[in-house]
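Take 123 as the starting number for the sequence shown in my numbering and just add one per residue.
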Amino acid sequence: MVFLKSFQLLNAIGEHKVYESETKNIYATRYPLGIFPLKQLETLSFAPITIFYGNNGSGKSTVLNIIAQKCHAKRITPLNKGIFFDNYIERCQFELHDEGLQEIKVITSDDIFDYLLNIRAINTGVDRQKELLIQQYLDAKYDTRNINQLDTYDSLKEKVDARSKTMSRYVREKLMTNTIQEQSNGESALMFWEKEITENAVYILDEPENSLSASNQKKLCKFIEESARFYNCQFILSTHSPFLLSLKGAMIYDLDDVPVRVKRWTELENIQEYYQLFKDHDSDF
Numbered sequence: 123m124v125f126l127k128s129f130q131l132l133n134a135i136g137e138h139k140v141y142e143s144e145t146k147n148i149y150a151t152r153y154p155l156g157i158f159p160l161k162q163l164e165t166l167s168f169a170p171i172t173i174f175y176g177n178n179g180s181g182k183s184t185v186l187n188i189i190a191q192k193c194h195a196k197r198i199t200p201l202n203k204g205i206f207f208d209n210y211i212e213r214c215q216f217e218l219h220d221e222g223l224q225e226i227k228v229i230t231s232d233d234i235f236d237y238l239l240n241i242r243a244i245n246t247g248v249d250r251q252k253e254l255l256i257q258q259y260l261d262a263k264y265d266t267r268n269i270n271q272l273d274t275y276d277s278l279k280e281k282v283d284a285r286s287k288t289m290s291r292y293v294r295e296k297l298m299t300n301t302i303q304e305q306s307n308g309e310s311a312l313m314f315w316e317k318e319i320t321e322n323a324v325y326i327l328d329e330p331e332n333s334l335s336a337s338n339q340k341k342l343c344k345f346i347e348e349s350a351r352f353y354n355c356q357f358i359l360s361t362h363s364p365f366l367l368s369l370k371g372a373m374i375y376d377l378d379d380v381p382v383r384v385k386r387w388t389e390l391e392n393i394q395e396y397y398q399l400f401k402d403h404d405s406d407f
C-alpha cells in the first residue's frame with residue numbers, strides 16, 4: 123500500500139526564502155537548510171517500502187523529520203527543531219491518499235532506547251520485590267510458632283500458602299510479571315515493534331535495527347515485509363543494516379551519491395564492502 127505518493131523538498135531558491143524570512147532572529151544552527159540542494163534532491167516518490175541510506179551526516183534523519191512533521195505524524199519523543207524548521211515545513215508539498223489510512227507515526231531510535239530503559243526500570247523494581255517476597259516466603263514457611271487464633275486471616279493465608287508451595291512458585295505467582303524478566307534487549311525491541319505497528323498506516327522509522335542482533339534484524343525484516351504486504355502498511359525508513367537494505371521491493375535512495383539516486387541494495391557502497399570482505403575470507407567458512 124502506498125498512502126504517501128510523493129514529497130517535494132525545497133530547492134536552493136526555496137531555502138533562501140526561508141533564510142530571508144528569519145534573518146532578524148538569533149539562531150545557532152541553520153537546520154535543516156543547506157543539505158538537500160547540494161545533493162540535488164528535491165522530488166521524492168515512494169513505494170510500499172522506501173529506504174534512505176547514507177553515512178552519518180548524510181541527511182537521513184533530517185529528511186524523515188521533514189516528512190513526518192509536514193504530514194503531522196504522531197511521535198513519542200518531541201522533535202528538537204531550529205528556528206528555520208517550521209518555516210521550511212510550511213513551504214514543502216506532498217501528495218497523500220488517505221482513504222483507509224488510520225495513522226501516520228514516526229518512531230526513532232530514542233523511542234526504542236527509552237522503551238528498553240523503562241523495561242529495565244520495571245525489572246529493577248521486580249528484582250527488589252522478589253527479594254522481599256523470598257524473605258516473606260522464608261519467614262512464613264519456617265515460622266516456628268504454631269498457627270493460633272491470634273493470627274490474622276492474611277497471616278494464616280501466607281503461612282498456608284508458603285508451606286504448600288515451592289519458593290519459585292510462590293514468588294512467581296506473587297509477581298505475575300516474570301515474562302518481562304525473560305526477554306533480552308533484542309526480544310524486548312521486537313516486542314516494541316509488534317506493539318507499535320498495526321495496520322492501514324504509514325510508519326516512518328529512524329534506524330529501527332538499533333538494539334537488534336543479526337537474527338532479530340532478520341525477524342524484523344520479515345515483520346515489515348508482511349505488514350506491507352498483508353496489512354496495508356507503508357514504511358519510510360533510514361538504515362545502515364544490510365538486512366533491512368535487502369527488504370524485498372524496497373526503493374532505496376542513496377544519500378551519499380550526488381545527485382541522489384535510487385539504487386539496488388547490491389549497488390550500495392557499504393554492501394559492496396561487506397561483499398568484498400566475505401569474498402576475501404571465503405576460504406575461512
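We put the beta carbon where it would ideally sit given N, CA and C, even for glycine.
- Three or more beta-carbon pairs separated by less than 8 Å link the segment 194 to 213 to the segment 134 to 151, which places the two stretches in contact.
- In the three-state DSSP reduction, Glu142 falls in the helix class (H, G or I).
- Contact between Cys343 and Met123 does not hold, since the beta-carbon distance rounds to 18 Å and is not under 8 Å.
- Assigned with DSSP and collapsed to three states, Asp376 falls in strand.
- Sequence-distant partners of Gln224 (beyond 5 residues in either direction) whose C-beta falls short of 6 Å from its own C-beta, in its chain, are Asn322 and Ala323.
- The beta carbon of Phe400 sits closer than 7 Å to no other beta carbon from its chain once the five residues preceding and following it are set aside.
- Within the model, the alpha-carbon separation for Ile188 versus Val228 is close to 11 Å.
- Glu389 and Thr199 have their C-alpha atoms spaced approximately 34 Å apart.
- Taking a C-beta distance under 8 Å as the contact criterion, Lys127 and Glu221 do not qualify as a contact pair.
- The three-state reading of DSSP puts Ile326 in strand, counting E and B together.
- Runs of the beta strand (DSSP E) lying entirely within the segment 142 to 203 and spanning at least 3 residues, in chain order: 165 to 167 and 171 to 175.
- Cβ atoms of Ser363 and Glu331 come within 8 Å of each other, at about 4 Å.
- Counting C-beta pairs closer than 8 Å gives three or more between the segment 165 to 176 and the segment 367 to 375, which meets the contact rule.
- Leu260 is classed as exposed because its beta carbon has fewer than 16 other beta carbons within 10 Å across all chains shown.
- Separation of the CB atoms of Phe345 and Trp315 is rounded to 6 Å, and the pair is thereby assigned contact status at 8 Å.
- Assignment of Ser231 by DSSP, reduced to helix, strand and coil, places it in the helix class.
- Going by DSSP, Leu131 is part of no beta strand (DSSP E) at all; its letter is neither H nor E.
- Under the three-state reduction of DSSP, Ile346 is assigned to helix.
- Cβ-Cβ distances below 6 Å link Leu166 to Phe129 in the same chain, with the five nearest sequence neighbours on each side left out; the list follows chain order.
- Between Leu186 and Ser360, the C-beta gap is smaller than 8 Å, which places the two residues in contact.
- In the structure shown, Gln224 adopts coil according to DSSP, grouped into three states.
- Annotation for Phe216: no alpha helix (DSSP H) segment contains it, though the beta strand (DSSP E) segment containing it runs Gln215 to Leu218.
- Just measuring C-alpha positions, the residue of Leu163, Asp378, Tyr396 and Val382 sitting nearest Asn178 is Asp378.
- Residue range Cys355 to Ser360 is occupied by the beta strand (DSSP E) that includes Phe357.
- For the 8 Å CB-CB criterion, Pro154 and Thr184 form a contact.
- Cβ neighbours of Lys341 within its own chain (closer than 7 Å, five residues either side excluded): Leu312.
- Scanning Ile211, Ile393, Leu163 and Leu201 for the CA closest to the CA of Val140 turns up Ile211.
- Contact between Asp328 and Ser180 does not hold, since their C-beta atoms are separated by about 13 Å, which reaches or exceeds 8 Å.
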